[in-house]
Amino acid sequence: AQTVTQSQPEMSVQEAETVTLSCTYDTSENNYYLFWYKQPPSRQMILVIRQEAYKQQNATENRFSVNFQKAAKSFSLKISDSQLGDTAMYFCAFITTSGTYKYIFGTGTRLKVLA
Amino acid sequence: DAGVIQSPRHEVTEMGQEVTLRCKPISGHDYLFWYRQTMMRGLELLIYFNNNVPIDDSGMPEDRFSAKMPNASFSTLKIQPSEPRDSAVYFCASSWDLVGETQYFGPGTRLLVL
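Quick mapping for you: the protein sequence lines, in order, are chains D and V.
Sequential numbering from 57 applies to the first sequence in the working numbering.
Sequential numbering from 1030 applies to the second sequence in the working numbering.
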């Protein structure tokens, strides 16, 4: 079975500092996609960053970057220069390119940015 | 585009009543997804449609749940009869494609069944 694990239920970081959220997944597939979604208190799910498994280069989106380790099945999110608006739940998600085509979401990490 | 639109944003009802949640996907998106989010179970995919056709409803918890997509711009998720354990936030999302494409989520409907 395919699973996504986020082992940090809650984290906090000082404003302007850097924080890394961890995500591991389990699959026997070779081709898949990984995503990080942000859910602020408004509850709207917003895409933060996306990574194709066949790409070795880590995805970057402004202050957000990932450390994708395919062999270790790890997909961590780094937030640099944290801002108060980054306070949210962060979900790691995974979908394969074959089979059931279902998004599998992790249980989320609640991040609080402190002033 | 206004994004994915869901209504109502909040719904409070009594056990046994019928509840209908509505969703308007982003124009041009071929896929529509219904999710349920609870503290206990996290985010669960209930069902998804491709070009208005239900493809996978294996996540629908019980026969009390049903979903329809009569046209490309509208979908409903119905719970009949509703139970307190159905209380959750229900999200609708849409995307151009199934694999690799970003899903755009609506604001969600917070359902409370008393």
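Glycine included, C-beta positions come from ideal geometry on N, C-alpha and C.
Within the 8 Å Cβ cut-off, does L1075/V reach chain D? For L1075/V, the answer is no, since every Cβ of chain D falls outside 8 Å of its Cβ.
Assuming K134/D and S121/D form a contact by the criterion Cβ under 8 Å, report the distance between their Cβ atoms to the nearest whole angstrom. 5 Å
Please return the same chain residues whose Cβ sits closer than 6 Å to the Cβ of G1071/V, not counting the five positions on each side in sequence. Cβ within range, chain order: n/a, list empty.
Hey, E1073/V and Y1060/V: beta-carbon distance below 8 Å or not? no
Segment contact, 8 Å Cβ cut-off, at least three pairs: the segment 1080-1091 of chain V with the segment 163-171 of chain D: no
Complete beta strand (DSSP E) runs within the segment 1081-1131 of chain V (minimum length 3 residues, chain order): 1082-1085, 1094-1100, 1103-1108 and 1117-1124
Taking the straight line between their C-alpha atoms, what separation do you get for E1040/V and C1121/V? 15 Å
Leaving out the 5 sequence neighbours to the left and right, which residues in its chain are closer than 8 Å to F1103/V when beta-carbon positions are compared? R1051, C1052 and K1053
Select from I102/D, T152/D and T76/D the residue whose C-alpha is nearest the C-alpha of Y110/D. T152/D
From what residue to what residue does the beta strand (DSSP E) around K168/D run? T165 to L170
For the putative contact between S1123/V and V1033/V, defined by C-beta atoms under 8 Å, what is the C-beta separation to the nearest angstrom? 6 Å
Give the DSSP-derived three-state secondary structure of E1143/V in the structure shown. For the record, residue 1143/V in the displayed sequence is Leu; it is not Glu. In the three-state DSSP reduction, L1143/V falls in the coil class, being neither helix nor strand.
Can you find the residues in the same chain that come closer than 6 Å, C-beta to C-beta, to T1131/V, ignoring five residues on each side of it along the sequence? none
Is any beta-carbon of chain V found at less than 8 Å from that of F150/D? no
What residues match up with G1071/V in a beta bridge as DSSP calls it? T1067/V
Which residues does DSSP list as the beta-bridge partners of D82/D? T59/D
Taking 8 Å as the CB-CB limit, is V1041/V close to chain D? no
Segment limits, beta strand (DSSP E) that includes N118/D: Premise fails: N118/D is in no beta strand (DSSP E) and is neither H nor E.
By alpha-carbon positions, which one of N1100/V, L1127/V, V1118/V and P1090/V ends up nearest to Q1109/V? P1090/V
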